[in-house]
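The sequence shown: position 88 = 87 (numbering that gives the first Met the number 0), numbered continuously.
C-beta: ideal position from N, C-alpha, C; glycine also.
Computed from a prediction, not measured in an experiment: that's the story for all the values here.
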Amino acid sequence: MLKIERILCPTDFSDFSERAYDYSISLARHYNAELYLLHVVRPVIIGYPEYAVPDSVTQFYGELREHAEEQLREFAKTRAIGAVQAKVAVEEGVVTESILDFARKNDVDMIVMGTHGRRGFQRLTLGSVTESVLRRAKCPVLAVRRPAHDFVAPGNTTEPVHLRKILFCSDFSDCSERALQYALSMAMEYKSELSLLHVLEHPPSPEQHDVEEARIHHLLGGKVPAEVRACCEIKTVVRAGKPYEEIIRLAEQEQTDLIVTGVRGRNVLDLALFGSTTHRVLQLGPCPVLAIHA
Numbered sequence: 000m001l002k003i004e005r006i007l008c009p010t011d012f013s014d015f016s017e018r019a020y021d022y023s024i025s026l027a028r029h030y031n032a033e034l035y036l037l038h039v040v041r042p043v044i045i046g047y048p049e050y051a052v053p054d055s056v057t058q059f060y061g062e063l064r065e066h067a068e069e070q071l072r073e074f075a076k077t078r079a080i081g082a083v084q085a086k087v088a089v090e091e092g093v094v095t096e097s098i099l100d101f102a103r104k105n106d107v108d109m110i111v112m113g114t115h116g117r118r119g120f121q122r123l124t125l126g127s128v129t130e131s132v133l134r135r136a137k138c139p140v141l142a143v144r145r146p147a148h149d150f151v152a153p154g155n156t157t158e159p160v161h162l163r164k165i166l167f168c169s170d171f172s173d174c175s176e177r178a179l180q181y182a183l184s185m186a187m188e189y190k191s192e193l194s195l196l197h198v199l200e201h202p203p204s205p206e207q208h209d210v211e212e213a214r215i216h217h218l219l220g221g222k223v224p225a226e227v228r229a230c231c232e233i234k235t236v237v238r239a240g241k242p243y244e245e246i247i248r249l250a251e252q253e254q255t256d257l258i259v260t261g262v263r264g265r266n267v268l269d270l271a272l273f274g275s276t277t278h279r280v281l282q283l284g285p286c287p288v289l290a291i292h293a
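See the structure below:
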């Protein structure tokens, strides 16, 4: 069974990061997890450092920190649910590095962040921070975009998160296998309908198509343990085309509540290709996306 013991939600107090917090507190309540609410104070560039007085700079940062902590406490207080009480934290530094450092030092199991979900690269909440965290985080990252289809129970935030339909995207890579464990565990936890999708970017010849499709259905189905089948409805889906287009199309058709996908490693080529599938699903998909590195 999937264990999520510590959740981190970075916020810049924008509407999109507020929405991500709604998801994180619902998940924290469901999993009985600790919840950290983090704000990062960015370094201030001083145009004439020779005129800067160290004491005044220290005082300035102190005031910024106090103001941010007050905002965080009020933010958490107004959105508290049940026994979940977020632990607030303020860090100073580069936003992406501060988020990743905090997650590592506190053994965070999941990071929940908001995205604008607009067309065009690097149009994400907190600038391009969400993308950077997704590329580099060692723990899963749940990216919450503008509302289109939510898995937080609408109109009743005291209820736990509902995952009626989960879509898992498989390319049979190592990172895809790790992501599958999250999809299976969450499907069992919520007794969800689980769809396992593989997209053929280069379809076989017409005479081989049926054989290849049957082979992939068999491979996908074989990855689902009996205990998952006992409590969840399982579908295997094989489509041909561009992966991100087929992922989005199926998610919209099935009214999917959560897309689970693996993200390849962190070498230069992997980072350069990050936007080809995962990024576009994040931007254009109809629901939250849980991205898991190998």
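Continuous alpha helix (DSSP H) stretch holding residue i: start and end
i, result
"V93", "No alpha helix (DSSP H) holds V93; DSSP gives it neither H nor E."
"R28", "D14 to Y30"
"H278", "T277 to L283"
"V132", "V128 to R135"
"A178", "D173 to Y189"
Contact belief for residue i with residue j at Cβ below 8 Å, rounded distance in angstroms
i, j, result
"R248", "A293", "Incorrect: roughly 26 Å between the Cβ atoms, too far for contact."
"T260", "T235", "Actually they are not in contact, since the Cβ atoms of T260 and T235 sit about 16 Å apart, beyond 8 Å."
"K137", "D256", "Not confirmed; about 25 Å, so no contact."
"R5", "D106", "6 Å"
"L179", "K222", "6 Å"
"T10", "L37", "7 Å"
"A349", "V87", "No answer is possible for residue 349: it lies beyond the span of the chain, which begins at 0 and ends at 293."
"P285", "A250", "5 Å"
"P287", "Y30", "Between Y30 and P287 the Cβ distance is about 16 Å, and since that is not below 8 Å, they are no contact."
"L162", "M187", "The Cβ separation is near 11 Å, so there is no contact."
"V40", "L63", "5 Å"
Residues near residue i by beta carbon distance below 6 Å, same chain, minus five either side
i, result
"R238", "V198 and E245"
"E232", "E192"
"R279", "Y243"
"E65", "none"
"L283", "I247"
"S172", "none"
"I3", "Y30, A32, D108 and M109"
"F200", "It should be noted that the sequence gives Glu, not Phe, for residue 200. Cβ within range, chain order: n/a, list empty."
"Q58", "none"
"L183", "V227"
"A85", "L34, L36 and A75"
Same chain, Cβ closer than 8 Å to residue i, five either side skipped, listed in chain order
i, result
"V83", "I24, A27, R28 and L34"
"V181", "The question names Val, but residue 181 is Tyr in the sequence shown. Excluding residues within five positions, the ones whose Cβ falls inside 8 Å are L1, P139, V259, L289 and I291."
"K190", "C230 and C231"
"C174", "G261, V262, R263, G264, I291, H292 and A293"
Element boundaries [beta strand (DSSP E), containing residue i]
i, result
"G221", "It is not in any beta strand (DSSP E) - G221 carries neither H nor E in the DSSP assignment."
"I246", "Where I246 is concerned, there is no enclosing beta strand (DSSP E), although the alpha helix (DSSP H) it sits in stretches over P242 to E253."
"T260", "L257 to V262"
"R144", "Where R144 is concerned, there is no enclosing beta strand (DSSP E), given that its DSSP letter is neither H nor E."
"E33", "E33 to V40"
"C8", "R5 to P9"
Residues near residue i by beta carbon distance below 7 Å, same chain, minus five either side
i, result
"L219", "S169, L195, H197 and T235"
"V140", "I110, M112, V132, L133 and A290"
"A308", "Residue 308 cannot be examined here, being either before or after the span of the chain that is shown, 0 to 293."
"I215", "H197 and V237"
"P203", "E211"
"H208", "P202"
Distance cut-off 7 Å: residue i Cβ against heavy atoms of the ligand FMN
i, result
"Y181", "Absence of the ligand FMN from the depicted structure is noted, as is the absence of any ligand whatsoever, leaving it without description."
Below-8 Å beta-carbon distance, residue i vs any chain B residue
i, result
"L36", "Note that chain B does not occur in the displayed structure, where there is just one protein chain."
* Asked: Using 8 Å as the threshold, is the segment 94-112 in touch with the segment 128-136, meaning 3 or more CB pairs across them?
  -> Yes: at least three Cβ pairs fall under 8 Å.
* Check whether the segment 66-73 touches the segment 99-108, taking contact to mean three or more Cβ pairs, one atom from each stretch, closer than 8 Å. => Flag = no, the segment 66-73 and the segment 99-108 do not touch.
* **Segment contact flag, the segment 5-20 with the segment 105-113, C-beta cutoff 8 Å, min 3 pairs** => The answer is yes - the segment 105-113 touches the segment 5-20, with three or more Cβ pairs under 8 Å.
* Asked: Where are the alpha helix (DSSP H) runs, 4 residues long or more, that stay fully inside the segment 192-221, in chain order?
  -> Counting only runs of 4+ residues, the alpha helix (DSSP H) found wholly inside the segment 192-221 occupies 205-220, in chain order.
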